[in-house]
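What follows is a short report on a single structure.
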Amino acid sequence: MPFSNSLDIPTAGPNITSDNEDDDQVLNLGFRIPSDNSISLMRISVSSPRPSFASSPTSHLSALSSPASSNGYLSGAGFEPKKMRKSKRNNAWHRNKKMTIGLGALLGFFIVVNWWMLSRIQEPVRIRGDIEVKFLKGNGTTVFIKEELHKLGRGKKPQRTVYARLLSKAAHALAEGERKPEPKDLWLEPYARASSWTPCAHKRNWQRSAGGIGYIIVTANGGINQQRVAVCNAVAIARLLNATLVLPKFMYSSVWRDASQFGDIYQEDHFINYLKPDISIVKDLPKDLQSLDLEAIGSLVMDTDIVKEAKPSFYLKYILPILHLNRVVHFVGFGNRLASDPLPHQLQRLRCRCNFHALRFVPKIQEAGALLIQRIRQNAKGLGRLDNYLVGPFAHSMSKRQKVGAAKTSRYLALHLRFEIDMVAHSLCEFGGGEEEKKELEAYREVHFPALLELKKTKKFPSPTELKSEGLCPLMPEETVLMLAALGFNRRTHIYLAGAHIYGGSSRLAALTTLFPNLVTKENLLSAAEMQPFANYSSQLAALDFIVCSAADVFAMTDSGSQFSSLVAGYRIYYGGGKMPTIRPNKRRLADIFVKNNTIEWKVFETRVRKAVRQNKRVFSRPVGRSVYRYPRCRDCMCHAD
């Protein structure tokens, strides 16, 4: 039941006026009390016990209402002296005064208790595990939906929205259907054949490479997702060239600002030992090679020196001779520089083996990830399908900490809202922020995307409207909340929001947090002390998001091209057994629906959105040329039961 901060307590009559007033005072009981100066007679409808001094069945109170005779006597009840009448009036006044004070005190008590209960209900803090879970601003709101939506478009930075009408309809639909069951297929994979694919990248049928040709050093750029892909590609190239891989290093990025190295995120010994049957891996370059000036001898290979999606023939033709000559090659800024196809079957399987088996997070990250999963599930009993793969031994310790007799595993939706400023600025789209937004994004491009600005001077780009219609713009938070509401998720759905640096801040999330109040982030689920080891390490924080999103009952992405979303979706396919659905919106189809936001009715909107999303939930094997990290359903990574 919704509550508001206002205390509208109904009363039985008019309000009580001041005790000092000379006029008759009006009580909530429905009668008046005369003042001492009043000589008027009164009729009181409330009966109370009084001593009987007349044998007549007519009550004393009714006798007071009879008119006086000319000689001062009262007819109908016998004679009463003036002093007695005054005394009785005073007694009645004092009795009613006490009753008024008592009722006032009781009313005040109820107001205080009611205020305390409402404040407890609306407090956006809940106990989960051993800490208080603080929800995002606005999550405590359960009634002022219209008021919150009306605030969209006010204040600083891009808060304006063109979807006020649809958001209002979504709020109404969610309020009406709060207790209705969600669609049956919402938390399920749509096709039974999804379970016919099983992991098998761990299987080997080749001999170990001695790595005697030379050493490959890789310094990967980007965030944790780009680095992960680079590491797996480097493993495949080391095997292709019969070289020894030096434990990968990560570049410090001015964008990510994270000094984390491989050993800060992944278990080094597990990585080396798991891949030992495939390639030779060492932690450091031999001392006799450490003193070489790699740039001077031509062993420094920049990312720009390698074509994107380079085929194995490129490395055999240009890199292998350098290894023969100098015994070492250093790839600097190495990223997505190995093609998905054509690639030999066993080499492709090695990439899958590295991604899904060899890269295991360090215990510090696993333990924090286990806490996040436990708390978002509200200490529910049982483990998820991917818990063991994601958090290792902490999955079992997490199970021991769970409450005895708890309910079965609580479901939650993980949402990757790819709406950070880098994505927004690079898209060249508009998001309703007007001139202020344009200036801010242009200033960001000047610093972080100067090449894009130079290209804009020489090449004509599509307009923001055209980009939107082609599905090339990231979904705004308002569009995301409309999609979730249309799919059938209700207000009770628990949502984990990956990432925290949404462009526009909390005001941009107002619609999401208002319509779906059970929304949390890692910052809400972990205490300050538990978050402290990860402070200023964006890659390690992203690893926590990776764990919680991969373990979720449903994972929803807003940008199907995001590296993070691709890796999470692939991980869920590989280990999910066909029971871990992922929502991939077709942004082009959604754009065609959203453009009618001022005229479309909610039922039609629901139908069209569900159709557009279901079409992207198809189960199919990896298309040629597509990433095995995102589409592992192929004979190189998984086995299929025909």
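Residue numbering for the sequence shown follows full-length UniProt numbering, starting at 1 and increasing by one per position. Quick reminder that beta carbons are idealized off the backbone N, C-alpha and C, glycines included. Since we're looking at a predicted model, the values are computed, not measured.
How many angstroms separate the CA atom of residue i from the CA atom of residue j?
i           : j           : result
residue 334 : residue 526 : 34 Å
residue 69  : residue 104 : Because residue 69 carries a pLDDT of 39, less than 50, the predicted location of this residue cannot be relied on, and the following value inherits that uncertainty. So the two alpha carbons sit approximately 40 Å from each other.
residue 290 : residue 227 : 23 Å
residue 391 : residue 169 : 41 Å
residue 122 : residue 574 : Low confidence applies to residue 122: its pLDDT is 41, below 50, so where it sits in the model is not reliable, and the reading given next is rough at best. Answer to the nearest angstrom: the Cα atoms are 41 Å apart.
residue 263 : residue 425 : 32 Å
residue 613 : residue 585 : 5 Å
residue 635 : residue 350 : 12 Å
residue 547 : residue 296 : 42 Å
residue 154 : residue 265 : For residue 154, the predicted model reports a pLDDT of 41, less than 50, meaning its position is unreliable; a value from the coordinates is still stated below. Their Cα atoms are separated by approximately 41 Å.
residue 304 : residue 288 : 28 Å
residue 174 : residue 331 : 53 Å
residue 607 : residue 323 : 59 Å
residue 465 : residue 431 : 11 Å
residue 301 : residue 621 : 35 Å
residue 292 : residue 209 : 25 Å
residue 357 : residue 498 : 23 Å
residue 102 : residue 179 : 42 Å
residue 280 : residue 368 : 32 Å
residue 471 : residue 591 : 6 Å
residue 631 : residue 488 : 27 Å
residue 540 : residue 376 : 19 Å
residue 360 : residue 420 : 27 Å
residue 285 : residue 363 : 26 Å
residue 237 : residue 306 : 13 Å
residue 417 : residue 567 : 15 Å
residue 531 : residue 213 : 44 Å
residue 148 : residue 623 : Model confidence at residue 148 stands at a pLDDT of 48, short of 50, so the residue's coordinates are unreliable; what they give is reported in the following sentence. Approximately 44 Å, taken between the alpha carbons.
residue 182 : residue 602 : 17 Å
residue 643 : residue 528 : Residue 643 is absent from the structure shown; the chain starts at 1 and stops at 642.
residue 650 : residue 229 : Given a span of 1 to 642 for the chain in the structure shown, any question on residue 650 remains unanswerable.
residue 520 : residue 394 : 22 Å
residue 513 : residue 239 : 49 Å
State the beta-bridge partners of residue i as determined by DSSP.
i           : result
residue 477 : Residue 477 is not bridged to any residue.
residue 198 : 639
residue 335 : DSSP, once it has assigned bridges, lists no residue as partnering residue 335.
residue 498 : 416
residue 217 : 330
residue 177 : Residue 177 pairs with nothing; no bridge assigned.
residue 361 : 266
residue 212 : 243
Could you check whether residue j and residue i sit closer than 8 Å to each other, using their CB atoms as the reference points?
i           : j           : result
residue 100 : residue 478 : no
residue 496 : residue 412 : yes
residue 460 : residue 429 : no
residue 473 : residue 506 : no
residue 235 : residue 220 : no
residue 294 : residue 246 : no
residue 311 : residue 339 : yes
residue 354 : residue 638 : no
residue 559 : residue 550 : no
residue 544 : residue 579 : no
residue 516 : residue 166 : no
residue 215 : residue 244 : yes
residue 196 : residue 569 : no
residue 387 : residue 373 : yes
residue 185 : residue 537 : no
residue 643 : residue 535 : Lying outside 1 to 642, the shown extent of the chain, residue 643 is not represented and no answer is given.
residue 486 : residue 610 : yes
residue 619 : residue 583 : no
residue 494 : residue 397 : no
If contacts are defined as beta-carbon pairs under 8 Å, then residue i and residue j qualify, I think. What distance do you get, rounded to the angstrom?
i           : j           : result
residue 625 : residue 341 : 5 Å
residue 563 : residue 225 : 4 Å
residue 490 : residue 177 : 6 Å
residue 241 : residue 320 : 5 Å
residue 309 : residue 581 : Their Cβ separation, rounded to whole angstroms, is 29 Å, which puts residue 309 and residue 581 out of contact at 8 Å.
residue 451 : residue 481 : Incorrect: roughly 34 Å between the Cβ atoms, too far for contact.
residue 250 : residue 260 : 6 Å
Flag residue i as yes if its beta-carbon sits less than 8 Å from any beta-carbon of chain C, otherwise no.
i           : result
residue 183 : Protein chain content of the structure displayed is limited to a single chain, and chain C is not contained in it.
Could you name each continuous alpha helix (DSSP H) segment of 4 residues or more that falls completely within the stretch 515–587, going from the start of the chain to the end? 522–525, 528–531, 538–551, 563–576
Please specify which runs of the alpha helix (DSSP H), each continuous and at least 4 residues long, are wholly inside the stretch 274–336, giving them in chain order. 287–290, 320–326
Threshold first: 4 residues or longer. Then list the alpha helix (DSSP H) segments lying entirely within the stretch 219–271, N to C. 224–240, 262–265
Which parts of the stretch 411–462 are runs of the beta strand (DSSP E), unbroken and 3 residues or longer, counting only runs that do not cross its ends? 413–416
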